[in-house]
Every structure is written in structure tokens, then in C-alpha cells.
Amino acid sequence: MQRFQSYIDGEFLDGEARYQSIDPATGKNWADMPEAREGDVDRAVNAAEKALYDGPWSKMTATQRGKLLYKLADLVAANAQKLAELETRDTGKIIRETSAQIAYVADYYRYYAGIADKIEGSYLPIDKQDMDVWLRREPIGVVAMVVPWNSQLFLSAVKIGPALAAGCTMVVKASEDGPAPLLEFARLIHEAGFPAGVVNIITGFGASCGAALSRHPKVAHIAFTGGPETARHIVRNSAENLASTSLELGGKSPFIVFADADLESAANAQVAGIFAATGQSCVAGSRLIVERSIKDRFLNLLKDKAEAIRVGTPLDMATEVGPLATKRQQDHVAALIHKSVQSGARIVTGGQMPSGDGFYFPPTILDCDGVASPSLAEEFFGPVLSVVAFDTEAEALKLANDTRYGLASGVFTQNLTRAHRLMKGIRAGIVWVNTYRAVSPIAPFGGFGLSGHGREGGLAAALDYTRTKTIWLRTSDDPIPDPFVMR
Ligand code: NAD
Numbered sequence: 001m002q003r004f005q006s007y008i009d010g011e012f013l014d015g016e017a018r019y020q021s022i023d024p025a026t027g028k029n030w031a032d033m034p035e036a037r038e039g040d041v042d043r044a045v046n047a048a049e050k051a052l053y054d055g056p057w058s059k060m061t062a063t064q065r066g067k068l069l070y071k072l073a074d075l076v077a078a079n080a081q082k083l084a085e086l087e088t089r090d091t092g093k094i095i096r097e098t099s100a101q102i103a104y105v106a107d108y109y110r111y112y113a114g115i116a117d118k119i120e121g122s123y124l125p126i127d128k129q130d131m132d133v134w135l136r137r138e139p140i141g142v143v144a145m146v147v148p149w150n151s152q153l154f155l156s157a158v159k160i161g162p163a164l165a166a167g168c169t170m171v172v173k174a175s176e177d178g179p180a181p182l183l184e185f186a187r188l189i190h191e192a193g194f195p196a197g198v199v200n201i202i203t204g205f206g207a208s209c210g211a212a213l214s215r216h217p218k219v220a221h222i223a224f225t226g227g228p229e230t231a232r233h234i235v236r237n238s239a240e241n242l243a244s245t246s247l248e249l250g251g252k253s254p255f256i257v258f259a260d261a262d263l264e265s266a267a268n269a270q271v272a273g274i275f276a277a278t279g280q281s282c283v284a285g286s287r288l289i290v291e292r293s294i295k296d297r298f299l300n301l302l303k304d305k306a307e308a309i310r311v312g313t314p315l316d317m318a319t320e321v322g323p324l325a326t327k328r329q330q331d332h333v334a335a336l337i338h339k340s341v342q343s344g345a346r347i348v349t350g351g352q353m354p355s356g357d358g359f360y361f362p363p364t365i366l367d368c369d370g371v372a373s374p375s376l377a378e379e380f381f382g383p384v385l386s387v388v389a390f391d392t393e394a395e396a397l398k399l400a401n402d403t404r405y406g407l408a409s410g411v412f413t414q415n416l417t418r419a420h421r422l423m424k425g426i427r428a429g430i431v432w433v434n435t436y437r438a439v440s441p442i443a444p445f446g447g448f449g450l451s452g453h454g455r456e457g458g459l460a461a462a463l464d465y466t467r468t469k470t471i472w473l474r475t476s477d478d479p480i481p482d483p484f485v486m487r
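Heads up: the sequence shown at position 405 corresponds to 405 in UniProt numbering, and the numbers run straight through without jumps.
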């Protein structure tokens, strides 16, 4: 059984307790993990605070920080295959996806390496004579980062990269489900030469480790990715330390297809949009809103493509859909399908939980047209597409916005003016037109409504890890008059 350690104050440690991690492809234990509780959390936060104010990190120039980030980017690229295999083993995310995604994670660190010495303060044209006033941009403080199981190296890179560029120190809590790649990534932080305490990486359970971290008095900001229910705990915990928060939460993203779209292209994008990562993707295009005149044709196209998908063992490069990450997730998908069918949804394909080892679930399409199906409102975080039809553009927009989430959306049409109307009308943080799922370190990412607040990616994300300090300097040599002597 493979054994992992936590990384606190520059040291690799066994943790206060241990637990075993399950391989989702077999349902069997495969690795022994360190479990951080309140004591380890406290040690990690104290190490981060010490590194922020007293250690070599606090004295480094922004350019030196950037150089360390470049080194880290190179190490991620060089170790991408090893990290990908660990992520596949521990989360079931297929090797095709983890290899490509982790190679791209290196580019995120490279982007933020370049940002480190571009974070500037400013000089204010103040309305008083003999005064110079500046804003310094300083690191926001110790950051707590809490991530979910899917794409942990990616979801942590969009936090660690900008936070390091801004000069912060941090404690990263990997998800208790599948922490192996992030714990292994700690070795690259160490090798790159970041001073002890700058990046601490632990894992543990939400109610103990996550709660202790998010309410720790020395934490200044919490960068969270996960579900809205957990986000509510995080926000309540932040009432203790009054830390600021950025929340990247779930979605029920609409994927709108008009009759004039290139249907083959749209079908390929829809299949990738919902079945990639076995549907365990926050931006999954999980609600297909299709023009009624092409509904049957488009559904047949999707059905054929869904049934041709190779479901299999995640370490096989030929596999296109692997297992779900946990048994809990598999049960949730099955239960929500059951509830939806009871409410009148019709299964177009899939829908049955397979027998046998591992947490597999086949690509599933539910026709929910004219039905108040719970599958249209609740997040599966699994390979299930819910379909409704529309007759007019106004109806399509109304259906798209009929959600409390607002993370992503897709519009497929050849009509340019209509595309413009929809990109303005859709209430979501991302609108993809005639494409889906494109991401880049340069483009901000984040949601509206129940999908959270704050943006990851781009320069603005690095600025979010800073706070301003206002400096007033009196430039006159005249003595300051006694304020209590009347003149
Ligand atoms: P989750 O909310 O259950 O867990 C996320 C993290 O929070 C884990 O590390 C967990 O240990 C921790 N946690 C749990 N309870 C806690 C508590 N009381 N206090 C502090 N931390 C606690 O999420 P999940 O089930 O692991 O992941 C799935 C969710 O993540 C989905 O809703 C998905 O849409 C969302 N997600 C969002 C994005 C995005 O960028 N918007 C990306 C990926 C996943």
C-alpha cells in the first residue's frame, strides 16, 4: 500500500492520525493517508504566519518570487505523468484527462510567475498640499485553501499560483477523497526551494480539518472550491476570524442548441461538456435546452455518441469515461435519477447502476421535456444530461436562467445577433459560444448566484490575494502647529 505524508513547515510528516484511501476503479483501499486534525492545522497555520512575517519569504523581491514560481512550473511539467497517474489512481479521473490537465497546470504556474513582479501599487493625486499619498499592495495574509476531489492539482494551482505571486503564505487542504496528487505535489514545492512554511499541504475530513482551518484566527482569506452546502459552513466559520472568502461552487449549466447550429459540432461539444470527467465537473453542461424542431434528431445523435463511449478502467489510455470518485457519489447519481424518473423524466440511454467492483455509472440522458424533474435543478456531479425543448429564443433564455446556479453556459447558433443577445441575457460567469469548456490562465473563471463569488485566473485573481495599505507622507519641513493653540 502506498504511503503519503503531509507537508508542514518544510517537513514531511505522518499526521495526527491515518486513514486509507479507496481506489474508485476497484472499490478497494490502495493508499495510506495522513489525517490532519486541529493540532496539525494549528501547526500549519502558525508556520504560514511565521513565514509570512519573519522568514526569508518576507524579504524576497517579487522577481525572486516569480523565479521560484517558474521553477515550480518546470517541475510540474517534468513530473506531470507521475502526478497524473496518482490522480487517476486516487480519484478515478481517466488518465487521458489527468495527463492533459496536469501538463496545462504547469502553464498556470508559469502565468503567475510572470505576474509576480507586475503587481503594482499606485500614487494618488491627493487633494491636499504638501502630502504624498501612495497605495502599497501587500499580501492579504495567511490563506486557507480548501479544494474538492476532482482536479485537485488544477483547482489548487488557480489558488496557489496567484497567492504566491502576491506574496501570501498558505495552508492547502486537499480533499479527503483522492489527496494523493496534491500530497505528492508538496515534494515539488520543496524541490523548487520555497522557504519552509510558505506552502503547507495537509488533508483531513471536512468537519474536523476543514472546519478548524477555515475558522483559525490567523487565517485572513479562505479560497474555497466545493459544493454550496459546504460553502455555507465555510462562511459561517469565517464569522469567527472575519476572513474574506472566494467561493467556486457547483453549477447546473445550460447548453442551448438552436436549429441553425452545426449539429455535429454541437453534439461533440455537448458530449464532452457533460461526460468528460465522468460528469464530475463544476462546468458540466448538464441541462440541454434544444430547439424543438431538431430535438429528436439531436437526441438521436447524442444517444449514438453516448452509447459509443468506452467506459472502463481509468488507467487505460483508451478509456473515455471512468468511475465516479466515491461510492457516495455513485449512490447520489442513482438516487437522483430514480427521483427524476418518478417525476416523469424518460431515460433515453443509460440510467442503470452497473453491478461489479468500482464506482462506475454509464453515460445517461434524461428527456425532461414538460416535466418538473429534480434533475433540472439539482447538481448530479455525474454523467447525466437532462434535456428540455424550446420554441422561441425568449423561451430558451428563460429556461437557461431558470436556476439558482450561474457558473457556465453554452450557446450553439450560426446567428451572430442572436448570439450577442444571449451572451448579454444569460446570468452566468462564463458564456461559451459555439464552443464549450475552454479555459486558460489568462481568462477569469467564476460564478453568479449559488455558483459562488470571486474569480480565479487572470491578473485580477492575483490582486484578490493582496490588500492595500495607504501611506501618507507630509513633504513640508514647516513644523506642525500645536492644534490647541488658537490662532
Ligand atoms: P464538498 O463541498 O463536499 O468538499 C469540498 C472540500 O470542503 C473538501 O476538501 C472537504 O473536506 C471540505 N469540507 C467539507 N466540509 C467542510 C466544513 N464543514 N468546513 C470546511 N471544509 C469542509 O465538495 P465535493 O463534494 O468534494 O466536490 C463537489 C462539489 O465541488 C460540486 O458541487 C462541484 O460543482 C464543486 N466544484 C466547483 C468548482 C468550481 O470551480 N466552481 C470546481 C470543482 C468542483
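From the three backbone atoms N, C-alpha and C, an ideal C-beta is built for every residue, glycine too.
According to DSSP, is residue i helix, strand or coil?
{"i": "E379", "result": "coil"}
{"i": "K28", "result": "strand"}
{"i": "Q20", "result": "strand"}
{"i": "G189", "result": "According to the sequence shown, residue 189 is Ile rather than Gly. DSSP places I189 in helix when its eight states are reduced to three."}
{"i": "P314", "result": "coil"}
{"i": "G121", "result": "coil"}
{"i": "L366", "result": "strand"}
{"i": "L324", "result": "coil"}
{"i": "F445", "result": "strand"}
{"i": "I347", "result": "strand"}
{"i": "H453", "result": "strand"}
{"i": "E138", "result": "strand"}
{"i": "R3", "result": "strand"}
How many angstroms separate the CA atom of residue i from the CA atom of residue j?
{"i": "D130", "j": "W472", "result": "10 Å"}
{"i": "E176", "j": "A25", "result": "17 Å"}
{"i": "A17", "j": "D40", "result": "10 Å"}
{"i": "K50", "j": "G197", "result": "7 Å"}
{"i": "L69", "j": "I289", "result": "42 Å"}
{"i": "F275", "j": "A44", "result": "37 Å"}
{"i": "G141", "j": "G204", "result": "23 Å"}
{"i": "G251", "j": "T230", "result": "14 Å"}
{"i": "residue 505", "j": "W149", "result": "Summary: the structure shown does not reach residue 505, with the chain confined to residues 1 through 487, and so no result is reported for it."}
{"i": "M423", "j": "L52", "result": "42 Å"}
{"i": "R421", "j": "N401", "result": "14 Å"}
{"i": "A48", "j": "R418", "result": "50 Å"}
{"i": "K28", "j": "S373", "result": "34 Å"}
{"i": "V257", "j": "F390", "result": "10 Å"}
{"i": "G193", "j": "P56", "result": "11 Å"}
{"i": "R455", "j": "F484", "result": "50 Å"}
Name, in chain order, the residues that DSSP records as bridge partners for residue i.
{"i": "I8", "result": "E11"}
{"i": "I222", "result": "A144, T245"}
{"i": "M170", "result": "V143, V199"}
{"i": "L399", "result": "None; L399 has no bridge partner."}
{"i": "I256", "result": "I289, V411"}
{"i": "R437", "result": "Partner(s): none; R437 has no beta bridge."}
{"i": "S386", "result": "R287, L366"}
{"i": "W472", "result": "V133"}
{"i": "L297", "result": "The residue you asked about is not Leu; residue 297 is Arg in the sequence shown. In the DSSP output, where bridge partners are listed per residue, R297 has none listed."}
{"i": "R467", "result": "E138"}
Can you say whether residue i is buried or exposed, counting buried as having 16 or more other CB atoms within 10 angstroms of its CB?
{"i": "R89", "result": "buried"}
{"i": "K128", "result": "exposed"}
{"i": "M1", "result": "exposed"}
{"i": "T61", "result": "exposed"}
{"i": "M317", "result": "exposed"}
- Counting pairs of beta carbons, one from the segment 271-288 and one from the segment 301-316, are three or more of them closer than 8 Å? yes
- Assess, as a yes-or-no matter, whether the segment 127-134 is touched by the segment 204-216 under the definition of 3 or more beta carbon pairs within less than 8 Å. no
- Message: Check whether the segment 466-481 and the segment 424-433 are in contact - that is, three or more C-beta pairs closer than 8 Å.
- Response: no
- Count the C-beta pairs between the segment 461-468 and the segment 150-168 that are closer than 8 Å, then say yes if the count reaches three, no if not. yes
- Are three or more beta carbon pairs between the segment 84-104 and the segment 186-205 nearer than 8 Å? no
- Task: Inspect the CB distances between the segment 338-350 and the segment 109-127 and report whether three or more fall short of 8 Å.
- Result: no
- Message: Pairs of beta-carbons, one from the segment 430-449 and one from the segment 411-420, closer than 8 Å: are there three or more?
- Response: yes
- Message: Measuring CB atoms only, is the segment 289-300 touching the segment 319-333, in the sense that at least three cross pairs come out at less than 8 Å?
- Response: no
- Task: Kindly confirm or deny that the segment 91-106 and the segment 151-159 touch, where touching means at least three C-beta pairs closer than 8 Å.
- Result: yes
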